[in-house]
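Numbering (the working numbering), first residue to last: 716 to 998.
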Ligand SMILES: C[S@@+](CC[C@H](N)C(=O)[O-])C[C@H]1O[C@@H](n2cnc3c(N)ncnc32)[C@H](O)[C@@H]1O
């Protein structure tokens, strides 16, 4: 059997279930199993042996059981980096790339900061390390520290630094600011858990059954982590420093009010669906 024949077969099987993107998932599974690029798949259409075909069938079975395709193939592309993921770590989402964009646009983040000045960045709730590593990869003047309270997530984050050969990002275990007490930063960035507890069971099954709940649950109104982080910004931001959050699509107004109570100004950037998604705060 040839690879494209197998691709069609897998896409048909996945298409019979109510999966989000069967054709894309089929392609990811085939390309991953053969260890070839998408271009090679379509250009060379290699022959596949029985052992490989059986392996593909086993991965398709996992997908049919609801496991996210990113966990099955073990990685995702984020801001041009290969980010390894698996059970115990949140899968980076495309909208989180907007958060990286906004930090880089903020002036202090342009390519080559000039004068050799180091820019100190803190990424809270780093998970796979995707935000910290994307920023670190864009500017050697960035010194990035990133914290998370999950050993499992930090294992992936450190591995991701290694496979992308990034040396200006370090990962520390602990609750929010606890591992960086007494330090100050030019930029604080975070995509914290922000789903309301009551809404978690209503999420797509492949999210609520597979992704770690401590990556999702933001408390009763989803704002617990923003409250804790905003309350501490005065202690951890350098003068002129800025904070950047990814926020839930309907959380902008409540967060603007919260930030105002701490003397912070807020601005928002919309996501691809037109919702306020990236929040920028400064004193
Ligand atoms: C929404 S995920 C974000 C992961 C990653 N930054 C991203 O954008 O894909 C939130 C992360 O916060 C971490 N987390 C939850 N509670 C925490 C806490 N109290 N202190 C530090 N990290 C925490 C979770 O382990 C998870 O990795």
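Even for Gly, the Cβ is constructed at its ideal location relative to N, Cα and C.
The structure presented is a predicted model; accordingly, all values stated were derived computationally and were not measured.
May I ask you to report which of helix, strand or coil DSSP gives residue i?
i: residue 956; result: strand
i: residue 717; result: strand
i: residue 984; result: strand
i: residue 810; result: coil
i: residue 874; result: helix
i: residue 863; result: strand
i: residue 835; result: strand
i: residue 921; result: helix
i: residue 784; result: helix
i: residue 752; result: coil
i: residue 726; result: helix
i: residue 887; result: strand
i: residue 902; result: strand
i: residue 736; result: coil
i: residue 939; result: helix
i: residue 997; result: strand
i: residue 858; result: strand
i: residue 961; result: strand
i: residue 893; result: helix
i: residue 979; result: coil
i: residue 945; result: helix
From residue i to residue j, what distance separates their C-alpha atoms?
i: residue 995; j: residue 905; result: 11 Å
i: residue 805; j: residue 914; result: 17 Å
i: residue 938; j: residue 770; result: 43 Å
i: residue 797; j: residue 872; result: 11 Å
i: residue 893; j: residue 979; result: 22 Å
i: residue 991; j: residue 766; result: 48 Å
i: residue 874; j: residue 922; result: 23 Å
i: residue 974; j: residue 967; result: 10 Å
i: residue 752; j: residue 746; result: 6 Å
i: residue 988; j: residue 965; result: 12 Å
i: residue 821; j: residue 985; result: 16 Å
i: residue 952; j: residue 735; result: 41 Å
i: residue 957; j: residue 866; result: 28 Å
i: residue 960; j: residue 780; result: 33 Å
i: residue 900; j: residue 878; result: 26 Å
i: residue 855; j: residue 835; result: 11 Å
i: residue 993; j: residue 862; result: 20 Å
Please check the pair residue i and residue j, which I expect to be a contact at CB under 8 Å, by giving their CB distance rounded to whole angstroms.
i: residue 933; j: residue 908; result: 5 Å
i: residue 729; j: residue 718; result: About 16 Å separates the two Cβ atoms, so there is no contact after all.
i: residue 970; j: residue 903; result: Contact doesn't hold; Cβ gap of about 15 Å is too wide.
i: residue 935; j: residue 911; result: 7 Å
i: residue 725; j: residue 784; result: About 11 Å separates the two Cβ atoms, so there is no contact after all.
Decide if residue i is buried, meaning its Cβ has at least 16 other Cβ atoms within 10 Å, or exposed.
i: residue 799; result: buried
i: residue 896; result: exposed
i: residue 763; result: buried
i: residue 928; result: exposed
i: residue 842; result: buried
i: residue 817; result: buried
i: residue 731; result: exposed
i: residue 963; result: buried
i: residue 919; result: exposed
i: residue 832; result: exposed
i: residue 721; result: buried
i: residue 917; result: exposed
i: residue 1009; result: Any property of residue 1009 remains undetermined from this structure, which presents the chain solely from 716 to 998.
i: residue 773; result: exposed
I want to see whether chain C comes within less than 8 Å of residue i, judged by CB atoms only; does it?
i: residue 781; result: Among the chains of the structure shown, chain C does not appear; only one protein chain is present.
(message) Tell me whether the region 755-767 and the region 787-799 touch, counting them as touching only if at least three CB pairs, one residue from each stretch, are closer than 8 Å.
(response) no
(request) Kindly confirm or deny that the region 873-887 and the region 847-854 touch, where touching means at least three C-beta pairs closer than 8 Å. (result) yes
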